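K.L.:
Numbering (full-length UniProt numbering), first residue to last: 1 to 401. Let me give you the structure first, and then I'll get to my questions.
Structure below.
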């Protein structure tokens with residue numbers, strides 16, 4: 001039996017090094033010499049103190065490994081080791097180490113802890129605490145339905161507490177998602193992945209282009225997508241999406257919709273429906289985070305306070321949010337009725353053969369799905385997609401606060 005998460009949340013992983021601590025985040029990019037930021041915020045570790053045991057993943061710059069860190073007079077501990085590919089350019093090296101310069105400024109039980117860096121020998125390495133259960137999204141999918149609601153809320157509380165700390169440090173994460181939260185053996189969740197590049201801020205060609213690819217549209221607030229206005233309030237929107245991911249055990253936000261469908265639907269007022277068995281109080285909090293006006297969203301401090309109140313009064317988590325998708329989708333009793341209503345009844349048999357037999361499935365369709373079903377005429381695709389967009393807007397009716 002897994003114990004209550006909330007009782008674990010306040011435990012701090014004991015670091016081998018104490019950080020010097022900074023009350024306000026300092027952007028490493030403001031340093032004329034980036035190496036100075038690394039020296040100031042990250043402890044240098046001798047490579048002889050580190051042993052790599054296994055490769056556990058890959059990152060943008062190189063392998064991610066599990067290993068051991070042993071320092072004189074200290075107990076050997078498990079660590080995660082990010083390595084830089086041999087032969088990387090000086091720019092790649094500095095981009096790689098910038099994450100350490102950021103991480104090294106933070107010390108909080110719900111933020112991943114930097115043990116140090118190896119820069120004076122090859123390969124260059126970033127050493128962090130080891131999180132046994134890996135990324136939150138993968139962990140949830142592997143344990144679908146296995147946790148009590150109070151445990152899921154405890155996870156959310158930890159993530160919100162980590163984000164409150166970061167926001168009070170004046171740090172904007174920009175890429176908060178369940179995939180960028182790590183889980184340890186005690187189910188403590190910690191914010192990780194501080195590598196989303198400032199190119200979002202400085203890019204001149206479109207709001208979506210960053211060093212690492214595209215902005216994570218499904219997790220990003222509309223003003224951040226449209227105007228690149230990244231703030232703690234846009235991080236709050238992202239936390240709301242993480243909340244939805246947690247309560248749905250790692251389901252993909254907006255399912256298989258295209259990014260453009262997500263953007264258009266959000267603009268029209270659509271919001272994700274409550275996951276199955278989601279407490280109404282938690283879903284209300286999600287909707288608060290998804291206010292179009294960022295000034296109307298709660299702060300992370302108020303989110304933590306709200307979750308603490310819910311955890312103290314577990315009965316507040318017993319009322320389940322009604323699944324408005326199922327209610328509102330009864331605008332049409334069948335897929336055939338809907339197709340007839342938009343004068344596309346000729347495709348009824350193709351939809352049925354493709355397994356699209358419910359309106360719940362219809363609202364998730366994209367242009368690519370329609371082509372696969374057999375709707376090849378562009379005009380017909382457009383007509384069907386326009387109708388789906390309208391239904392999505394209906395689905396959001398009454399959700400907005």
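Using N, Cα and C, we set each Cβ at its ideal position, and we do this for glycine too. In this text the structure is predicted, and so the values were computed from the model without any measurement.
Checking the sheet assignment: what are the DSSP bridge partners for residue 51?
P.N.:
68, per the DSSP bridge assignment.
K.L.:
For residue 227, count neighbouring C-beta atoms within 10 Å of its own C-beta (all shown protein chains included) and say buried if the count is 16 or more, exposed if not.
P.N.:
Exposed.
K.L.:
Given a cut-off of 7 Å, decide if residue 356 and residue 391 are closer than it, judged by their beta-carbon atoms.
P.N.:
No, these two residues do not count as a Cβ contact at 7 Å.
K.L.:
Please list the terminal residues of the continuous alpha helix (DSSP H) segment that includes residue 155.
P.N.:
Residue 155 -> alpha helix (DSSP H) spans 149-168.
K.L.:
Span of the alpha helix (DSSP H) holding residue 78?
P.N.:
Taken as a continuous stretch (DSSP letters only), residue 78 belongs to no alpha helix (DSSP H), being part of the beta strand (DSSP E) at 77-83.
K.L.:
Buried or exposed: residue 276, going by 16 or more other Cβ atoms within 10 Å of its Cβ?
P.N.:
Under this definition residue 276 is an exposed residue.
K.L.:
Tell me which residues share the same chain as residue 286 and place their Cβ nearer than 7 Å to its Cβ, disregarding the 5 neighbours each side in the sequence.
P.N.:
240, 243 and 244.
K.L.:
Residue 217: which of 264, 184, 142 and 191 sits nearest, CA to CA?
P.N.:
Taking only the C-alpha atoms, the option nearest residue 217 is 264.
K.L.:
For residue 322, name the three-state secondary structure that DSSP assigns.
P.N.:
In this structure, residue 322 counts as coil in the three-state DSSP scheme.
K.L.:
If you run the structure through DSSP and keep just helix, strand and coil, what is residue 279?
P.N.:
The answer is strand: DSSP assigns residue 279 an E or B state.
K.L.:
For residue 233, which option in 261, 302, 282 and 194 has the closest C-alpha, if you only look at C-alpha atoms?
P.N.:
Residue 302 is the option with its Cα nearest to residue 233.
K.L.:
Here's a check: name, in chain order, each residue in its chain whose Cβ is nearer than 7 Å to the Cβ of residue 145, leaving out the five neighbours to either side.
P.N.:
So the qualifying residues of the chain are 249.
K.L.:
What's the call for residue 251, buried or exposed, on a 16-neighbour Cβ count within 10 Å?
P.N.:
It counts as buried.
K.L.:
Between residue 184 and residue 132, what straight-line distance do the alpha-carbon atoms span, to the nearest angstrom?
P.N.:
Those two C-alpha atoms are separated by around 5 Å.
K.L.:
Taking just the CA atoms, how far does residue 79 sit from residue 222?
P.N.:
Taking the straight line from one Cα to the other gives about 37 Å.
K.L.:
For residue 70, I'd like the list of residues in its chain whose CB is within less than 7 Å of its CB, leaving aside the five on either flank, ordered along the chain.
P.N.:
Excluding sequence neighbours, residue 70 sits near 49 and 76.
K.L.:
Between which two residues does the alpha helix (DSSP H) containing residue 115 stretch?
P.N.:
That residue, residue 115, is in no alpha helix (DSSP H); its beta strand (DSSP E) goes 114-118.
K.L.:
What does the alpha-carbon distance come out to for the pair residue 9 and residue 37?
P.N.:
For residue 9, the predicted model reports a pLDDT of 37, less than 50, meaning its position is unreliable; a value from the coordinates is still stated below. Near 31 Å, if we compare the C-alpha coordinates of residue 37 and residue 9.
K.L.:
Residue 89 by DSSP, collapsed to three states: which one?
P.N.:
Note: residue 89 maps to coil in three-state DSSP.
K.L.:
Going by CA-CA distance only, name the one from 361, 178, 351 and 163 that's closest to residue 139.
P.N.:
Ranking 361, 178, 351 and 163 by Cα distance to residue 139 puts 178 first.
K.L.:
Report the CB separation of residue 44 from residue 98 in whole angstroms; it is logged as a contact under 8 Å.
P.N.:
Contact flag wrong, Cβ pair sits at about 16 Å.
K.L.:
What's the C-alpha gap between residue 343 and residue 368?
P.N.:
Distance between the alpha carbons of residue 343 and residue 368: 20 Å.
K.L.:
With a floor of 4 residues, list each alpha helix (DSSP H) that falls wholly inside the UniProt domain "SAM" (330-394), ordered by position along the chain.
P.N.:
Runs found: 335-341, 348-353, 359-362 and 367-373.
K.L.:
Would you identify the three-state DSSP class for residue 129, choosing helix, strand or coil?
P.N.:
In this structure, residue 129 counts as strand in the three-state DSSP scheme.
K.L.:
Does the beta-carbon of residue 89 have 16 or more other beta-carbons within 10 angstroms, so that it is buried, or is it exposed?
P.N.:
Per the 10 Å Cβ criterion, exposed.
K.L.:
Excluding the five sequence neighbours on either side, which residues of its own chain have a C-beta within less than 6 Å of the C-beta of residue 167, listed in chain order?
P.N.:
232 and 300.
K.L.:
Does DSSP put residue 32 in a helix, a strand or coil?
P.N.:
It is coil, neither helix nor strand.
K.L.:
For residue 388, count the other beta carbons within 10 Å of its own beta carbon; 16 or more makes it buried, fewer makes it exposed. Which is it?
P.N.:
Flag for residue 388 reads buried.
K.L.:
Between the Cα of residue 57 and those of 83, 385 and 149, spot the shortest distance and give me the residue it belongs to.
P.N.:
The candidate whose alpha carbon is nearest that of residue 57 is 83.
K.L.:
Closest to residue 137 by C-alpha separation, out of 176, 361 and 148, would be which residue?
P.N.:
Considering only alpha carbons, the answer is 176.
K.L.:
In this structure, how does DSSP classify residue 176 when only helix, strand and coil are distinguished?
P.N.:
Three-state DSSP puts residue 176 in coil, outside helix and strand.
K.L.:
Here's a check: name, in chain order, each residue in its chain whose Cβ is nearer than 6 Å to the Cβ of residue 348, leaving out the five neighbours to either side.
P.N.:
Excluding positions up to five away in sequence, the list reads 336 and 339.
K.L.:
Mind checking who residue 183 pairs with in its DSSP beta bridge?
P.N.:
Answer is 189, bridged to residue 183.
K.L.:
Shortest alpha-carbon distance to residue 46 belongs to which of 29, 122 and 30?
P.N.:
Residue 46 has its Cα closest to that of 122, out of 29, 122 and 30.
K.L.:
What does a CB cutoff of less than 7 Å around residue 158 pick up in its chain, not counting 5 residues either side in sequence?
P.N.:
So the list reads 9, 110, 188 and 189, once near-sequence residues are dropped.
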